[in-house]
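Residue numbers (the UniProt record's numbering), protein chains in the order written: chain A, 1 to 567; chain B, 1 to 567.
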């Protein structure tokens, strides 16, 4: 009845707490440096794992993360659960209808960007297995097939994130890339599932293998047709007759777990079943945004960190770091993926600039490569040093994606309101009573911070204000001006308990005043910033929440938690 | 490196999927019958456990839920994790400021309703341990102390839910009960934590025990003062500078896990640490509703079912069901808790009616008793048959709470709009073009369903409509009438793509028309129903979402998912 004694339970909770806490902390730090969170999460594992903690305080490392005993078993079980749920959520993001809509171009990009790296990987894996870090007794064909898949796969979540960050997601280019990545995902995971089936020692014999492959394809086909239809019919019933959102949430997790159990049982890895179940579930327009977000947030911020930090725990990243191998894998991966995607995009009729943008987008490997590599490591197909090389390659290809596309498309960094807010440019209690005084007071703060002439700023803003008053209603005002010589936008915020008359259409006084100064040469910025402010304050109680802030940090917290997405 | 092979992993995922799926399903079924979800969740475990599946298909039971081996270890670990997170969320619900506000009355209710059952339980446990199912070699004092706590504890979450369901939560009576239950919770868990410390075999010696107790009190005191202050300071920083809501979510879970690990390490059970951490976190007004709900929903609908179904898996509820013992425990529990609470309420100056309402509210034991019982069973203090008796007592005291209070306060069941919607009273496409036609069409449907005279209904509604038009804006209209002889309200819904002129203040046509017929003798019902409809449709896009529905189920799903809480 009792498998964990009090001390083991305490260690389990401590280890989980440290994993989640450190992974989230370093994940946030990575994001402050504009890097993906997964980089930080992985580093948390590197610090807690054999690479750092294992060197500095080996007894602590063994105490927290023993290699044997019930604690090791529980951590492995939870880590499997985490990755199954992660793939379920990844599946939800796949929008099959997009693929049909995009048609020819995306199909061609998908085919070329999957097939060319696959063949290149297959050839290299077959011709130079030892140099690439094949495990001694692993089957050469399986190793070559694994390397082929590792080269061919793209990471849909990373690509989607990069495109969203650059406001490219809803463009034609974005849709071609996303739908190609979806196809790549589906094909890649199916092929990989089959390879895992091939290496399953329990299978043995050709008959068993073909049975596994047959069952896998059957599962995917049934789930995406009949299963999808059934889910689509079931969701309204669940929403109408069960607790909301608990009913749908429980259904989604159950579906993912049972799908995962099924594919694991037929000899394919569990994650494939969860992923396909996620795709089938995400295809229903009845799945509400709220359910999607609930699952996404809990899985991304609690389970995923456990898994990705867990990767760092597995391997000593310093002793297994083999620079020539890392370089080889990185060059091979970039060369074959870029050439494949660029050729595919040319074949699909895209412009030269767009071809390269597609190339760098499809090149991002992200979390998917980590999962793939870990499974191959666990199955004894690859050596630890190849695993480390794959991890580095996955991170670097993801990191370079955004900046390279921005460079190629000559896009500027999008302007996020929150990036411009700062304590120096915030006044909790405006002295001003009139509109003119408010403009003056805020202009002086802006002038001081950005080294401008205060009177010139005031006059520019006031001139604009006299033309049309800038009270936008909902108790917010947005006085603004475009200034020659300014390089970056300046946003000053002042709060006023009493309120200031800004001649708003709804007749209300302004309690929150944003002064927005933008460079003369870029008229779009001011519109972007004003639009995002007015969207934020359209929410009921927004001004009340902002006025409750006692200082800048609380003000920023209120602004941020009002924003549906990071801005 | 490898602790779970493919088959064990498949079994783990299958077992978890079945546990969550069955528990949610039976939990929903329990709620359809107006019973608490935990009853259904527990029954799911009874079906999958030794009681049913173990009898009908023992080999399946052993396959799914083996008692030894890695699968048993993982399930135990996840189950511990689930209960830790559950107590963290339970702690969030505790609002310490309430207790100070309520002052004298609630303090007196809390003292009497905790102390009297505690002393009665202590006496009975000491005087007749064998009849009550003490485990043979358990320490008599510890057994008596355990029984005392089991009698004294109340279940804050159940009580809060009962009061909310009856719209009593925000009343004086409700606040007295809730704040007394909060005090009871704090004292009860502290005492229980100390008892668990006493029975910790590793502790041994009086010095160690007093050290454990000292550390426990120190932890609680520090966490609720310094810890609370630090958390309150940290939350705005997290909200301002980390990913929202991921940053706060990760922080909350990490805090709960580390608190749990600490108390487990000092010899007190983990759940105490998580609970106190939850109280400290929930006390900050910076904790946003969204974070609370995210945690609450994921924990209540994914983790809690695993734990509560897991309880059913532990014991054979049929062979261990001992009717005399169950009766004895139930009578003892009700007698001492009711008398304690009623005396306390009298002492606090409440009316006789309110005294008994307080009594039956405090009597609800709910999930807390299950957790307590399970820990005692695991620690070898009680026999399985006492455990079964405690489970039955916990469920029955929770089940009787709501109906008894309603009876005592002579409250009628609150009217929930969703309960009156039905396929027979729904028309997807109204034929009507004018207001008069719409009233006629809907009245005919109402008349048919409720066996009334169609013309009389039409005239009654039209008479009302002529006085003041019932278009309430936001494209919704609420024609209505009070009819003599009607026993229950009748609500008919019609949708109109084209829209019907109902003379709304915002000038928009009505696309959703609710015809509300209510009994003449109860004028409040109509106001209640109208208020909840207009609240629902104040949400942006509400009408669009409703109009997307193709039939009744999709309509009901849209209505339900628009509602912040079940209505």
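Positions of the beta carbon are idealized from the N, C-alpha and C atoms, including for glycine.
Residue i (DSSP reduced to helix, strand or coil)
| i | result |
| --- | --- |
| residue 537/B | coil |
| residue 181/B | helix |
| residue 519/A | strand |
| residue 477/B | strand |
| residue 433/A | coil |
| residue 284/B | coil |
| residue 507/A | coil |
| residue 203/B | Annotation note: pLDDT 49 at residue 203/B (below 50); position unreliable, coordinate value reported separately. Reduced to three states, the DSSP call for residue 203/B is coil. |
| residue 306/B | helix |
| residue 567/A | With a pLDDT of only 32 at residue 567/A, under 50, the local geometry of the prediction cannot be trusted, and no value is derived from it. |
| residue 425/B | helix |
| residue 210/A | helix |
| residue 380/A | coil |
| residue 173/B | helix |
| residue 528/A | helix |
| residue 488/A | coil |
Euclidean distance between Cα positions of residue i and residue j
| i | j | result |
| --- | --- | --- |
| residue 119/B | residue 529/B | 47 Å |
| residue 287/A | residue 88/A | 14 Å |
| residue 516/A | residue 555/A | 17 Å |
| residue 359/B | residue 137/B | 35 Å |
| residue 168/A | residue 532/A | 17 Å |
| residue 35/A | residue 257/B | 28 Å |
| residue 165/B | residue 78/A | 36 Å |
| residue 587/A | residue 461/A | Since the displayed chain A opens at 1 and closes at 567, residue 587/A lies outside it and no answer follows. |
| residue 399/B | residue 374/B | 20 Å |
| residue 197/B | residue 263/B | 10 Å |
| residue 551/B | residue 135/B | 58 Å |
| residue 14/A | residue 497/A | 46 Å |
| residue 220/A | residue 243/B | 35 Å |
| residue 449/A | residue 457/A | 12 Å |
| residue 27/B | residue 67/A | 38 Å |
| residue 96/A | residue 348/A | 19 Å |
Of the residues the options, the one placed nearest residue i, counting alpha carbons only
| i | options | result |
| --- | --- | --- |
| residue 245/A | 296/B, 188/B, 148/B and 242/B | 296/B |
| residue 463/A | 329/A, 106/A and 443/A | 443/A |
| residue 177/A | 342/A, 188/A, 424/A and 492/A | 342/A |
| residue 156/A | 256/A, 401/A and 388/A | 401/A |
| residue 586/B | 339/B, 499/B, 49/B and 467/B | No answer is possible for residue 586/B: the residues shown for chain B start at 1 and end at 567. |
| residue 280/A | 428/A, 227/A, 543/A and 409/A | 227/A |
| residue 159/B | 428/B, 367/B, 196/B and 502/B | 367/B |
| residue 426/B | 512/B, 331/B and 220/B | 512/B |
| residue 19/A | 220/A, 266/A, 303/A and 30/A | 303/A |
| residue 81/B | 225/A, 315/A and 4/A | 4/A |
| residue 17/B | 546/B, 486/B and 305/B | 305/B |
Item to check | At least 3 beta-carbon pairs within less than 8 Å: the segment 231-248 of chain A vs the segment 547-563 of chain A | outcome: Judged by Cβ distances under 8 Å, the segment 231-248 of chain A makes no contact with the segment 547-563 of chain A, as fewer than three pairs qualify.
Next on the checklist: Three Cβ pairs or more, each shorter than 8 Å: is that satisfied between the segment 402-409 of chain B and the segment 372-388 of chain B?
Outcome noted: Judged by pairs of C-beta atoms under 8 Å, the segment 402-409 of chain B does not touch the segment 372-388 of chain B, as fewer than three such pairs exist.
Item to check | Interface positions of the segment 215-236 of chain B facing chain A (Cβ-Cβ less than 7 Å), listed along the chain | outcome: Residues 236.
Checklist entry - Between the segment 101-120 of chain A and the segment 210-221 of chain A, do three or more beta carbon pairs fall short of 8 Å? => result Between the segment 101-120 of chain A and the segment 210-221 of chain A, the count of C-beta pairs closer than 8 Å stays below three; the two stretches do not touch.
Checklist entry - Looking at chain A, which residues of the segment 236-247 of chain B have a Cβ within less than 9 Å of any of its Cβ atoms? => result So the list reads 236, 237, 238, 239, 240, 241, 242, 243, 244, 245, 246 and 247, given in the order they occur along the chain.
Checklist entry - In the segment 389-408 of chain A, which residues sit with their C-beta less than 9 Å from some C-beta in chain B, listed in chain order? => result Residues passing the 9 Å Cβ filter: none.
Item to check | Contact list for the segment 15-32 of chain A against chain B, Cβ threshold 7 Å | outcome: So the close ones are 16, 17, 20, 21, 24, 28 and 31.
Item to check | Three CB pairs or more closer than 8 Å across the segment 250-268 of chain A and the segment 56-74 of chain A | outcome: Here the segment 250-268 of chain A does not lie against the segment 56-74 of chain A, with fewer than 3 beta-carbon pairs under 8 Å apart.
Checklist entry - Given a limit of 7 Å on CB to CB distance, which residues of the segment 247-266 of chain B reach chain A? => result Shown in chain order are the members of the segment 247-266 of chain B whose Cβ falls below 7 Å from a Cβ of chain A: 247, 249, 250, 253, 254, 257, 258, 260, 261, 264 and 265.
Item to check | Under 9 Å (Cβ pairs) to chain B, residues found in the segment 75-87 of chain A | outcome: Within the segment 75-87 of chain A, the qualifying residues are 75, 76, 77, 78, 80, 81 and 84.
Checklist entry - Is it true that the segment 431-438 of chain A meets the segment 491-504 of chain A, where meeting means three or more beta-carbon pairs spaced less than 8 Å apart? => result The segment 431-438 of chain A, when compared against the segment 491-504 of chain A, does touch it at the 8 Å Cβ threshold.
Checklist entry - Any contact of the segment 44-61 of chain A with the segment 264-277 of chain B, i.e. 3+ C-beta pairs under 8 Å? => result The segment 44-61 of chain A, when compared against the segment 264-277 of chain B, does not touch it at the 8 Å Cβ threshold.
Next on the checklist: Beta carbons nearer than 8 Å to chain A: which residues of the segment 288-313 of chain B have them?
Outcome noted: Residues 288, 290, 294, 297, 298, 300, 301, 302 and 305.
Next on the checklist: Along the UniProt domain "PTS EIIA type-2" (419-562) of chain B, where does the CB come closer than 7 Å to a CB of chain A? Name the residues.
Outcome noted: Correct list: 553, 554, 556, 557, 560 and 561.
Next on the checklist: For the segment 37-51 of chain B, list every residue whose C-beta sits within 8 Å of some C-beta in chain A, in sequence order.
Outcome noted: Within the segment 37-51 of chain B, the residues whose Cβ lies closer than 8 Å to any Cβ of chain A are, in chain order, 37.
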